[in-house]
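Report on one structure; see the data block that follows.
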Amino acid sequence: MTTSQKRPPADPVLSLKGISKNFGAVSALTDIDLDVHAGEVVALVGDNGAGKSTLVKILSGVFQPTSGVIRFNGENVSLSGPSDALKLGIATVFQDLALCENLDVVANIFLGRELNAARLDEVSMEVRSWKLLNELSARIPNVRDVVASLSGGQRQTVAIARSLLLEPKLILLDEPTAALGVAQTAEVLNLIERVRDRGLAVVMISHNMEDVRAVADRVVVLRLGRNNGIFAPDASNTELISAITGAESNSVSRRADRKKGDQIQASGKPS
Amino acid sequence: MTNIEPSTPSKLDRSDVRVKHDGGFSASIRSFFERVRSGDLGSLPVVVGLVIIWSVFGFLNPIFLSSNNLVNLLFDCSTVGVIALGIVCVLMVGEIDLSVGSISGFASAILGTLWVNHGWPVALAILAAIVFGAVIGSVYALLFNRLGMPSFVSTLAGLLAILGMQLYVLGSTGSINLPYGSPMVDFGQTLVMPHWLSYALGLLPGIVIFVTGMRTVSRRQSANLSAPSLASLLIKAVAITALAEFVVFYMNRDRGIPWMFALFVVLVMAMNYALTRTKWGRSMTAVGGNREAARRAGINVRFIYSSAFVLCAGLAAAGGVMAAARLASSSQQAGTGDVNLNAIASAVIGGTSLFGGRGSAYSALLGIIVIQSIASGLTMLDLSSSLRYMITGAVLAIAVIVDSLARKSRVSHGRA
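Those sequence lines, one after another, are chains A and B. FYI, this note's numbering numbers position 174 of the first sequence as 218, with every residue one higher than the one before it. FYI, this note's numbering numbers position 153 of the second sequence as 161, with every residue one higher than the one before it.
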């Protein structure tokens, strides 16, 4: 296990100590510790069922932890609902995107924090939406279209634009690039770097090791609801995969070995 | 801010070259037809339905379309219409209140008891009735939010329990007559606007549409957004004004526009504003469309549900008070029979979805006019109430069929 070479000096923005979450008899998370500093991208990786999404939902106030301490900006906080997290400055882009299909793009971006509650300021909201979307180089034809008419990638962009609206201190991204095309993935990764350079903390869940290596400063591995190591982004694939799957010999490495064997066999054959 | 083609200075919302954007009046007509074809019908079906219903009844009995009958129609619309307006609220969040009839009946019983039997000032008695409705609504909200009781069941229980309370309050007498000649009963039976005032007020919607429209256009232009053309705005305002003035003219040939109907229309307009132009209304639509998304956006979902239930029950009580004024009595029959279903049917016929997240305050107005036209037309043809129920039921079924067909079409055309 290697640790990150450049450790940010300041106190962590977010610090989890001994977070556990049980659903009945199932322990989705056990004793999770996690530190996230300002200006840092932490990638959260793990196999299906490792508890990544559960952890994100705890941080965004959707679930409450069974036990453990959450410190945000050096203070103990309890997140009893999504609005608490938003107020603290924790913005979340959920994997199931949590958009209202019956509302248009502007309404979705500003949902819950509309300008001028008694007389909605549609013009300002529309202008701000266009600016946010243009910063993301988004390809949304018309912000007055309802979200039901958008493609998966367009919805992802709307969800990310929405998380940036409140100028948060910490952004949680649950599989931000899963539904995106090549160009949009690059845009989102650029965006993540831009957000980090502005001094925000970013926690990103991804299955895509390429994306993780591209932007992450540290890679935190979860396995079966427990911490299973912290890696630098340049750690070898074998190291990461064995931490994710929990063994040196696993289905991924066996497959790789077999491929290698096939290649040697093929090249060795006389033509 | 980056434009795709920096060489041509384009509007902020017109920079995407892949989208066809055309302006002008002909374009708005074209986009209207496109919307209808893709299943975004709005209030078109109910307007078409209304034209058919009025033509048929007008053909069968010319008196149906007389000013006198239509003024009566407006009086009758107002009471159940106010109840339907409350139903729109609960339907917006995807819930239902089946007890609005009982609430309205009990409200009229409270009014009669407190005002006539106990000698309370009438204003106080009305207030008590409406507050009582709101309390019932908050009980439903409590059952829904805290105990997870489906509104379908809790309000079905409420239907029976509140009907029982109504019978208990009215006691052995069974009905209380409200004094004729009191302002309350006059309001429900005879009071109409002075003709000059109704003409003046008829101008108002057009002026408001034009002035607010102009302001929006100038604000959008200064923010570098595309704006609707002046011509289309003007045509819309003129059309609305012409329609309103014609209605006023036609009603003024007889008695005129009832104050009670004016109250109903004002409530509809206020609700329309609240639902479309305020944060609360946006939250209502969001909760009805995707409750979990609304919760994650930080909306206080429980408060939104509570406000919907309380408003619905409060408006039902207000409708009950108006019905008592219309009938000049508080009786055991008030709010029973078809009041419940007429109110719900009005909201649905008018275009508010039963599944939440889609609807408009105007659906209560349009829907109740359809329902009341059928009732009035069949009564004039001397048909029994058995036929009336059957035909109203068929119209409701058609309305729901149109709604679900339109929904399918919207889904396949990528509209919500």
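Just so you know, even glycine gets a beta-carbon here, dropped at the ideal spot from N, CA and C. From a predicted model like this one, the values you see are computed outputs, not experimental measurements.
- Contacts with chain B (Cβ-Cβ distance below 7 Å) from the stretch 122-149 of chain A involve P126, S127, L130, F138, A142, L143, C144, E145, N146 and L147, listed in chain order.
- In this structure T293 (chain B) is buried. Its beta-carbon is surrounded by 16 or more other beta-carbon atoms within 10 angstroms.
- Under DSSP, M248 (chain A) shares a beta bridge with A:A87 and A:L217.
- Annotation for D189 (chain A): no beta strand (DSSP E) segment contains it, and DSSP assigns it neither H nor E.
- Residues of chain A with a Cβ closer than 9 Å to the Cβ of T293 (chain B) are, in chain order, C144, N146, L147 and A151.
- Close partners of V106 (chain A) in chain B (Cβ separation under 7 Å): R304.
- In the three-state DSSP reduction, T282 (chain A) falls in the helix class (H, G or I).
- Shown here for L52 (chain B): same chain residues with a beta carbon closer than 8 Å to its own, the five before and five after excluded, namely V44 in chain order.
- Taking C-beta atoms under 8 Å as the contact rule, V408 (chain B) and V356 (chain B) qualify, at a distance of about 6 Å.
- Residue-level contact check: K244 (chain B) does not touch chain A, since none of the beta carbons of chain A fall below 8 Å from its beta carbon.
- For S71 (chain A), the enclosing beta strand (DSSP E) starts and ends at V70 to V80.
- For A162 (chain A), the residues of chain B that pass the 8 Å Cβ criterion are T286 and K287, in the order they occur in the chain.
- DSSP places L60 (chain A) within a strand segment (E or B) once states are collapsed to three.
- In the assembly as shown, S412 (chain B) is an exposed residue. Its beta-carbon has fewer than 16 other beta-carbons within 10 Å.
- Of all alpha-carbon atoms in A:A287, A:E254 and A:G273, the one lying nearest the alpha-carbon of D79 (chain A) is that of A:G273.
- When C-beta distances to chain B are compared with 7 Å, every residue of the stretch 261-294 of chain A stays at or above that value.
- Judged by DSSP secondary structure, T249 (chain B) falls outside any beta strand (DSSP E) and instead within the alpha helix (DSSP H) spanning L238 to N260.
- V246 (chain A) is positioned such that its CB atom lies closer than 8 Å to that of L217 (chain A).
- Considered as a whole, the stretch 53-98 of chain B harbours no complete run of any beta strand (DSSP E) with no fewer than 3 residues.
- V187 (chain A) and D148 (chain A) have their C-alpha atoms spaced approximately 7 Å apart.
- For E179 (chain A), no beta strand (DSSP E) encloses it; the enclosing alpha helix (DSSP H) starts and ends at E166 to E179.
- Between T387 (chain B) and G109 (chain B), the C-beta gap is not smaller than 8 Å, which leaves the two residues out of contact.
- Contact annotation: F195 (chain B) and M268 (chain B) have beta-carbon atoms nearer than 8 Å.
- When only Cα atoms are considered, L319 (chain B) and V139 (chain B) end up about 11 Å apart.
- Inclusion of M330 (chain B) and T121 (chain B) in the CB contact set at 8 Å is not warranted, their separation being larger than that value.
- Collapsing the DSSP output to three states places I134 (chain A) in a strand.
- Neighbours of L217 (chain A) across chain B, judged by C-beta separation under 8 Å, do not exist; the nearest C-beta is about 14 Å away.
- Put simply, the backbone Cα of M259 (chain B) is about 44 Å away from that of N152 (chain A).
- In the three-state reduction of the DSSP assignment, G156 (chain A) falls in the coil class, being assigned neither a helical nor a strand state.
- Neighbourhood of R154 (chain B) in chain A, by CB distance below 9 Å: empty, with the nearest CB roughly 16 Å away.
- Beta-bridge annotation (DSSP): L266 (chain A) is paired with A:N271.
- Taking a cut-off of 8 Å on C-beta distances, the stretch 135-153 of chain B does not touch the stretch 184-195 of chain B, as fewer than three cross pairs fall below it.
- Annotated three-state conformation of G214 (chain B) is helix, per DSSP.
- Scanning the stretch 162-215 of chain B from its first residue to its last, the whole beta strand (DSSP E) runs of 3-plus residues come out as 183-185.
- Note that the stretch 120-131 of chain A does not touch the stretch 273-287 of chain B; fewer than 3 beta-carbon pairs, one per stretch, sit closer than 8 Å.
- Within the same chain, Cβ atoms closer than 7 Å to the Cβ of A92 (chain B) are found at A351, S354, A355, A372, G375 and I376, the five residues on either side in sequence being excluded.
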